[in-house]
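As structure tokens, the structure follows; a few thoughts come after it.
Residue numbers (the UniProt record's numbering), protein chains in the order written: chain E, 1 to 313; chain G, 1 to 319.
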């Protein structure tokens with residue numbers, strides 16, 4: 001299957017500063033693809049480039065097999081976009097806002113009316129259809145933005161920081177909606193710096209760093225690549241050197257001292273029993289051991305560990 | 001990288017223009033400004049009617065007098081309009097583009113299948129539509145008031161001159177709308193853009209008439225022994241004054257509403273030989289007289305709109 005969204009060697013410079021510095025990515029139909037990275041790492045610029053809202057300095061983009069620079073209207077008709085901190089015309093009602101964008105999309109009024117009613121129902125804003133958007137909460141605005149994508153019947157939905165500033169319940173509601181739509185075959189591209197949330201929803205992610213994609217792939221693959229394992233055990237023990245003790249132990253991919261008497265052990269299985277046996281066997285005193293599954297947050301921190309040094313230098 | 005883009009740059013144009021016009025018609029800002037214009041218009045016309053009634057029967061263009069007669073302390077309807085129309089236009093345009101930024105609606109609207117051209121042009125046309133409706137309503141109101149209080153219908157030529165005056169006012173308002181929209185694309189904050197536009201307005205309506213003679217005096221000093229230098233200075237002063245759209249509009253309305261106007265510049269006695277003093281010019285000649293003024297205003301409008309257009313096309317839309 002050919003990718004619905006493809007970028008090759010994408011570069012965007014502002015003056016001499018490269019905002020996007022050689023990005024390659026391909027998104028398949030029906031995927032939920034996450035663009036992750038710290039603020040200013042080039043996620044939003046990449047999105048604007050994909051939509052043809054800004055021109056790349058170099059590189060090529062294909063969206064649904066079209067060039068967004070040459071056929072921007074067709075691309076924009078088939079791709080929905082939910083910008084970061086979405087804005088609506090406050091003095092218009094939810095419905096009027098959607099009618100306006102539906103007209104710009106070129107929908108005739110009868111069909112538009114049907115789709116708008118359906119979309120507002122879907123995002124649970126049907127009871128505030130005729131209320132002015134000025135009274136809407138942030139979560140309601142995000143859902144209204146999603147309704148706009150629904151009215152358009154977009155094949156690809158690009159959402160920039162869709163959950164930033166939302167309370168946990170609104171976040172869950174929004175993610176649930178995205179999941180439902182993805183199951184119906186809509187391709188999603190999400191950008192976020194909230195990794196734990198992205199982990200639960202994205203089929204694949206790309207980690208951005210300084211305008212480049214540092215890592216790209218499935219969440220599990222990335223975690224095991226970067227952390228060397230999917231499990232992480234924190235060990236507290238005395239009278240022992242865990243690095244020596246665990247040398248050559250099966251499943252263990254790394255041991256890092258945290259402070260005196262504490263270590264972090266990365267592994268691709270639950271190795272607690274083995275660790276305990278080896279510490280005790282070596283004459284050490286085991287105080288505590290906690291295990292958790294690795295999250296993208298850790299990948300992120302570990303992956304960007306070098307970053308702070310660079311900034312200082 | 002040059003590549004041909006597909007699709008019409010006018011897709012969505014009428015949708016945007018109508019939506020903008022509807023927004024303006026509903027906004028309190030425009031209601032207030034229009035109320036101000038309406039009150040001054042009625043006041044000045046009412047005062048003019050009192051004046052005209054005293055001299056009725058002496059003039060063949062009574063209805064045009066409605067617009068131009070000033071009754072102390074009120075200025076005439078035309079001078080009120082020359083002063084207030086820019087204000088209306090600025091109120092319509094100062095936050096056209098930067099308002100979309102600050103509401104964060106710009107990138108959402110531009111992600112709809114339209115070009116940027118359509119957004120800017122649509123907003124401009126929407127503003128022009130509102131101005132046209134307001135001016136037409138105002139003109140009809142004044143004419144109606146005149147018919148009611150004077151008890152006379154306007155003649156064909158008065159209607160023609162009135163409509164030409166309406167068109168000149170429309171173009172004049174368009175210039176100021178373009179000024180306001182240019183500031184709205186260049187300046188990021190709507191408040192600053194409004195101040196910039198108001199500064200330009202004050203400069204051209206209040207200070208420019210004072211500045212023009214000063215500049216002309218410095219550029220072309222008068223030699224007391226050479227009378228031609230005096231004429232030269234007046235020519236230069238007039239040229240400088242005509243940079244202001246306010247001057248152009250003033251001259252255009254003068255020629256249109258006062259048919260006896262024969263020239264907008266200097267006239268020498270020998271040029272007037274054989275002319276009947278005070279005899280009205282036919283409508284077509286009055287139009288010919290203001291043709292440069294009208295063309296100048298339309299040119300200013302296009303140049304300003306182009307500035308706004310180029311600056312908008314080059315902008316990054318990260319909001």
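No residue lacks a Cβ here, since even glycine has one placed at the ideal position from N, Cα and C.
For residue 86 (chain G), same chain residues with a beta-carbon under 6 Å away, outside a window of 5 residues either side, are 176 and 201 in chain order. When the beta-carbon positions are compared, residue 278 (chain G) and residue 260 (chain G) come within less than 7 Å of each other. Of the residues assessed, residue 162 (chain E) falls on the buried side of the cut-off, its CB having 16 or more other CB atoms within 10 angstroms. Listed by position along chain E, the residues whose Cβ is nearer than 7 Å to that of residue 114 (chain G) are 104. Taking the CA atoms as reference points, residue 122 (chain G) sits about 17 Å from residue 171 (chain G). Classified as buried, residue 34 (chain G) has 16 or more neighbouring CB atoms from the shown chains inside 10 Å of its CB. A distance of 7 Å or more separates the beta carbons of residue 43 (chain E) and residue 188 (chain E). Chain-ordered, the chain E residues with CB closer than 7 Å to the CB of residue 19 (chain G) read 100. For the region 102-113 of chain G, residues whose beta-carbon sits nearer than 9 Å to a beta-carbon of chain E comprise 102, 103, 104, 105, 106, 107, 108, 109, 110, 111, 112 and 113. Residue 223 (chain E) carries a helical assignment under DSSP once its states are collapsed to helix, strand and coil. For residue 293 (chain E), no Cβ of chain G is located within less than 7 Å of the residue's own Cβ.
Residue 70 (chain E) belongs to the set of residues whose beta carbon lies under 7 Å from a beta carbon in chain G. Interface annotation for the region 24-58 of chain G against chain E: 26 and 27, criterion Cβ-Cβ distance under 9 Å.
The residue among G:317, G:19, G:47 and G:102 with its C-alpha nearest the C-alpha of residue 192 (chain G) is G:102. Apart from sequence neighbours up to five positions away, the residues of its chain that approach residue 219 (chain E) with a beta-carbon distance below 7 Å are 199, 202, 205 and 296, ordered along the chain. Distance between residue 174 (chain G) and residue 211 (chain E), taken at the CA atoms: about 44 Å. Under the three-state reduction of DSSP output, residue 238 (chain E) falls in the strand class.
In chain G, no part has a C-beta under 7 Å from the C-beta of residue 178 (chain E); the shortest such distance is about 18 Å.
Counting every other CB atom within 10 Å of its CB across the protein chains shown gives residue 186 (chain E) a total of 16 or more, marking it as buried. For residue 68 (chain G), the enclosing alpha helix (DSSP H) covers residues 62-68.
The straight-line gap separating the alpha-carbon atoms of residue 91 (chain E) and residue 306 (chain G) is approximately 30 Å. Distance check between residue 171 (chain E) and each of E:256, E:192 and E:184 places E:192 closest, using alpha-carbon atoms only. With fewer than 16 other Cβ atoms inside 10 Å of its own Cβ, residue 210 (chain G) counts as exposed. Listed in chain order, the positions of the region 76-88 of chain E with a beta carbon within less than 7 Å of a beta carbon of chain G are 76, 77, 81, 83, 85, 86, 87 and 88. Under DSSP, residue 232 (chain E) takes part in a beta bridge, and its partners are E:266 and E:292.
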